[in-house]
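Quick note: the sequence shown, position 155, residue 155 per my numbering, numbers continuous.
What follows is a set of notes on a single structure, which appears directly below.
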Amino acid sequence: MKSPSSPSVHNRRHEKHSHRKSMALRVLLAVAGAMILTLGMAAATESSGASSNQAHERAFDSDVELGLVDFRPFDTDDQSAERDSTRDSDNRASTREELDAPEQAGSSDGVAPFFYENCDAARAAGAAPVLEGDPGFGPHLDRDDDGIGCEVPGTADAQPLYENCDAARAAGAAPVLEGDPGFGPHLDRDSDGIGCEMPYTDVQPPAESSGETSVYENCDAARAAGAAPVLEGDPGFGPHLDRDSDGIGCE
């Protein structure tokens with residue numbers, strides 16, 4: 001038969017039990033404290049992230065309103081292909097317009113150069129033929145690249161315009177009357193209808209002899225005498241000087 005426990009043994013057991021309960025409580029409190037700390041840190045981090053995201057969103061919205069950000073939704077493949085096709089068409093149209101437009105040198109004062117749209121416009125303005133360098137001249141008006149645009153139309157064998165009075169004199173055609181082959185406004189500086197006039201001289205036509213009027217042998221002689229053109233009835237006139245029988249010799 002066991003003997004009853006003494007008071008000292010009972011007290012030691014009670015102390016051990018109380019100590020164990022105290023340790024368990026401390027552990028629980030430590031775990032609870034750690035959990036609370038972890039949850040607090042997580043909440044603070046989430047709150048900080050949300051605030052940062054909101055700040056970024058507000059800054060982005062502000063940039064969009066100020067036009068600092070070009071916000072456009074992503075295009076689908078079909079939309080992207082359609083946009084590329086439209087851009088290519090615009091580029092081709094712009095290139096075609098540049099090629100069709102005649103090349104003109106810009107003026108020094110910044111004013112856009114002027115040129116006639118076509119020869120009809122030049123003739124309507126009374127400017128045909130238009131010489132290279134003249135206002136309104138353009139390469140599209142000079143199809144044969146001779147420096148003269150919108151020549152007076154004629155038959156296939158019509159004589160072209162004389163480039164200048166030296167060419168007309170070299171061809172024996174000076175002075176050139178308006179309407180004659182080779183005449184052009186650029187040869188008639190005083191607009192009197194006679195191009196490349198000979199300067200007046202005091203040389204007189206051949207004197208009469210034996211009661212008959214001498215005629216010039218040819219137009220060179222008439223021009224040397226300063227008498228060209230020789231009108232019918234004038235001293236020195238002869239039918240051989242008037243090839244077109246218009247009454248004016250050595251035109």
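We put the CB at the ideal spot given by N, CA and C, even for glycine.
Can you check whether the CB of residue j is closer than 8 Å to the CB of residue i?
{"i": "Pro-129", "j": "Ile-148", "result": "yes"}
{"i": "Gly-126", "j": "Leu-161", "result": "no"}
{"i": "Gly-133", "j": "Tyr-116", "result": "no"}
{"i": "Ala-227", "j": "Gly-238", "result": "no"}
{"i": "Glu-197", "j": "Pro-181", "result": "no"}
{"i": "Cys-219", "j": "Leu-187", "result": "no"}
{"i": "Leu-141", "j": "Ala-122", "result": "yes"}
{"i": "Glu-251", "j": "Ala-173", "result": "yes"}
{"i": "Ala-222", "j": "Leu-241", "result": "yes"}
Can you give me the C-alpha to C-alpha distance between residue i and residue j, rounded to a whole angstrom?
{"i": "Glu-232", "j": "Arg-169", "result": "21 Å"}
{"i": "Asp-246", "j": "Arg-189", "result": "24 Å"}
{"i": "Val-215", "j": "Glu-151", "result": "37 Å"}
{"i": "Asp-192", "j": "Pro-229", "result": "15 Å"}
{"i": "Lys-21", "j": "Ala-44", "result": "34 Å"}
{"i": "Gln-54", "j": "Met-41", "result": "20 Å"}
{"i": "Asp-84", "j": "Asp-146", "result": "44 Å"}
{"i": "Val-9", "j": "Lys-16", "result": "11 Å"}
{"i": "Ala-24", "j": "Asn-11", "result": "20 Å"}
{"i": "Glu-217", "j": "Asp-244", "result": "17 Å"}
{"i": "Gly-249", "j": "Leu-177", "result": "11 Å"}
{"i": "Cys-255", "j": "Ala-81", "result": "The first residue shown for the chain is 1 and the last is 251, placing residue 255 beyond what the model contains."}
{"i": "Glu-163", "j": "Thr-86", "result": "50 Å"}
{"i": "Gly-33", "j": "Glu-46", "result": "20 Å"}
{"i": "Arg-13", "j": "Met-35", "result": "33 Å"}
{"i": "Val-31", "j": "Ser-48", "result": "26 Å"}
{"i": "Ala-207", "j": "Ala-167", "result": "Residue placement at Ala-207 is poorly supported in this model, since its pLDDT is 46, which falls under 50; the coordinates are not used for a value here."}
{"i": "Ala-93", "j": "Leu-131", "result": "31 Å"}
{"i": "Ser-18", "j": "Leu-28", "result": "15 Å"}
{"i": "Glu-57", "j": "Ser-89", "result": "39 Å"}
{"i": "Leu-263", "j": "Ser-62", "result": "One cannot answer for residue 263 here, as it falls past the ends of the chain, which runs 1 to 251."}
{"i": "Phe-114", "j": "Ala-59", "result": "53 Å"}
{"i": "Ala-91", "j": "Ser-52", "result": "According to the sequence shown, residue 91 is Asn rather than Ala. Distance between the alpha carbons of Asn-91 and Ser-52 is about 45 Å."}
{"i": "Asp-234", "j": "Gly-179", "result": "23 Å"}
{"i": "Gly-195", "j": "Asp-144", "result": "24 Å"}
Reducing DSSP to helix, strand and coil, say where residue i ends up.
{"i": "Leu-187", "result": "helix"}
{"i": "Leu-161", "result": "coil"}
{"i": "Gly-236", "result": "strand"}
{"i": "Gly-136", "result": "strand"}
{"i": "Gly-40", "result": "helix"}
{"i": "Gly-33", "result": "helix"}
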